[in-house]
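With UniProt numbering applied, the sequence shown covers 1 to 391. Have a look at the structure below, then the notes.
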Amino acid sequence: MGGKMTGRGKWVLLLALLTGLSACESRREVPEPEISTPAPRVVNEQAAQELSRAFWEAGEAAVSDAQGALESLERAVVTLLDSPSEDHLEAAKLAWLEAHRGFAAALPYMRVAFAPAPLQSEGRALQLALDSWPVQPGYLDTVPGYSDSGIVNDTAIDLTLANLRKQHRLTAHEEASTGFHAMEVMLWGPTGERTAGEFKAVSEGEKPEALAVNRRRELTRLIGRAMAEDMDGLARRWPATANDLSRHYLALRPAERLQQVRSAHIAVVDEELLRRLPESSESDVESPRAADSKQAMLAMLAVLRDNWVPAEGGGLAELLLDRHQAAALTQTFAQLEALMLKMEDPVELAELRQLAQARQLMEQLAGLMSGSASVPADDDEMTPVSLPPED
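Laid out in structure tokens, this is it:
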């Protein structure tokens, strides 16, 4: 017979099995592969009630923070337009970065809030209004070689908030006219070389409102207004007393709420984190100008980690997973975050080896959160068995 497998050997075997499972998933010819979920564990009803209510309240705080950050961004943009200067342009860029990361931190909660079937299309529309990417810079502004490109040069488009929303993703998903990445184009410029002088108003001429620089100013202002308006609307609907978003969630039994959180968080890993992680370097860069994709991903990961395996204990893993799965989940979060901190920002410029390793860890993360990954116990944790003496 073979020798006894050590605890380390079992971890190596586990990682190999998880990698094999992930490879099988990637070969499926379906757009959104689902991770199989085992029969629900028996969950302490009181603990589930407390945790599920705390989760919704944490979501309210995250949405409120994102709302405040977007209000700060809108104020910074107005200041830039009122008094264009390099300092004010830099302040607006910093406000964009803060708001983008705040939105990323709110996204795992938003995915839960809009998980019920009657709300899914609405939630998808809201997310696309705020965070559609990639974007086509030439849809918005002048780009090298095309001096008349973009909405700033198309005087047939009357610049109103209603019209701006109509133009969003009008004929192609890259045609974003609202949201973070549309604002990114306006603040950093289509090539990342924006100057404050490009926001200085011009009053000469018969129709100054038709000049590209003045339309650029108005377009930038409207994008900021649309983003703040969208997040304000979400923040008003979130509190439990609003009886809107929360009623769908709170109508579920506590254990069912946790299962809804689990499903939504696995979707965040599959559809948000993995989607932002390319399989090759320098392709489909999400934020080529602001270079912020890594920080946004880390913000999402931090929210998932704090909900599943908080340092003080009592998270989702404690109720939904066994202790070996919970320990493996904690380790996977730590490994993934440590790896990403070493990677380039945007992550699309990271080494191929790092990208592959990050994808593997994210796939393991989803498998462990689903409860479908079996984690063997270490040798020193196995219960000794007393055998009867031989004759």
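For every residue, glycine included, the Cβ atom is placed at its ideal position computed from N, Cα and C.
Next item on the list: Can you check DSSP and say which residues form a bridge with Val143?
Entry: Tyr146
Notebook entry, point to check: By a C-beta neighbour count over all protein chains shown, 10 Å radius and 16 as the cutoff for buried, is Val202 buried or exposed?
Noted result: exposed
Item checked: Beta-carbon proximity check, Arg101 vs Trp188, cutoff 7 Å -> no
Margin query: So, for Ala115: in the same chain, excluding its five sequence neighbours on each side, which residues have a beta-carbon less than 6 Å away from its beta-carbon?
Written below: Gln260, Ala264
Note to self: the ligand PLP and Ala267: does any heavy atom of the ligand fall closer than 6 Å to the residue's C-beta?
What the structure shows: This structure simply doesn't include the ligand PLP, nor any ligand for that matter.
Check: Expressed to the nearest angstrom, what Euclidean distance is found between the alpha-carbon atoms of Pro314 and Arg111?
Finding: One detail in the question is off: residue 314 reads as Gly in this sequence, not Pro. Each residue's Cα considered, the two are about 22 Å apart.
Note to self: Threshold first: 4 residues or longer. Then list the alpha helix (DSSP H) segments lying entirely within the stretch 86 to 113, N to C.
What the structure shows: Listed in chain order, they are 86 to 113.
Margin query: Suppose you measure from the CA of Leu51 to the CA of Leu316; what does that come to, to the nearest Å?
Written below: Cα to Cα, Leu51 sits roughly 8 Å from Leu316.
Notebook entry, point to check: From which residue to which residue does the alpha helix (DSSP H) around Arg53 run?
Noted result: 45 to 82
Next item on the list: Please state whether DSSP places Ala191 in a helix, a strand or coil.
Entry: In the sequence as presented, Ala is not what sits at residue 191; that position holds Thr. In this structure, Thr191 counts as coil in the three-state DSSP scheme.
Checklist line | Exposed unless 16 or more other CB atoms sit within 10 angstroms - verdict on Gly371 | finding: It counts as buried.
Margin query: Quick check: what's the CA-CA separation for Ala69 versus Gln127?
Written below: 16 Å
Margin query: Is it buried or exposed, Glu173, if we count other Cβ atoms within 10 angstroms and call 16 or more buried?
Written below: At residue 173 the sequence reads His, which differs from the Glu that was named. So His173 counts as exposed.
Next item on the list: Kindly indicate the opening and closing residues of the alpha helix (DSSP H) around Asn243.
Entry: Here Asn243 belongs to no alpha helix (DSSP H), and DSSP marks it neither H nor E.
Notebook entry, point to check: Below 8 Å, can you find three or more Cβ-Cβ pairs linking the stretch 331 to 349 to the stretch 131 to 144?
Noted result: Fewer than three beta-carbon pairs drawn from the stretch 331 to 349 and the stretch 131 to 144 are found closer than 8 Å, and the two stretches are therefore not classed as touching.
Next item on the list: Go ahead and pull the three-state DSSP assignment for Glu390.
Entry: The predicted position of Glu390 is uncertain, since its pLDDT is 44 and thus under 50; no value can be drawn from it.
Note to self: Rounded to whole angstroms, what is the Cα-Cα separation between Pro376 and Arg323?
What the structure shows: Each residue's alpha carbon lies about 11 Å from the other.
Notebook entry, point to check: Which of the three DSSP states, helix, strand or coil, is assigned to Thr37?
Noted result: Caution is warranted here: a pLDDT of 45 is assigned to Thr37, below 50, making its placement in the model unreliable, and the coordinate value is therefore given only provisionally. Looking at Thr37 - three-state DSSP - the assignment turns out to be coil, as it is neither helix nor strand.
Check: Per the contact definition of three or more C-beta pairs closer than 8 Å, is the stretch 170 to 185 in contact with the stretch 221 to 241?
Finding: They touch, by the three-pair rule.
Notebook entry, point to check: So what's His265 in DSSP terms, helix, strand or just coil?
Noted result: Judged by DSSP in its simplified three-state form, His265 adopts helix.
Next item on the list: Counting only the same chain and skipping the five closest in sequence on each side, list residues whose C-beta sits under 7 Å from that of Ile266.
Entry: Ile35, Ala366, Met369, Ser370
Notebook entry, point to check: Just reading off the alpha helix (DSSP H) that Thr330 is part of, what are its end residues?
Noted result: 323 to 342
Check: According to DSSP, is His173 helix, strand or coil?
Finding: Judged by DSSP in its simplified three-state form, His173 adopts coil rather than helix or strand.
Margin query: Considering Cα atoms alone, identify which of Pro190, Arg165, His168, Gln120 is closest to Ser149.
Written below: Pro190
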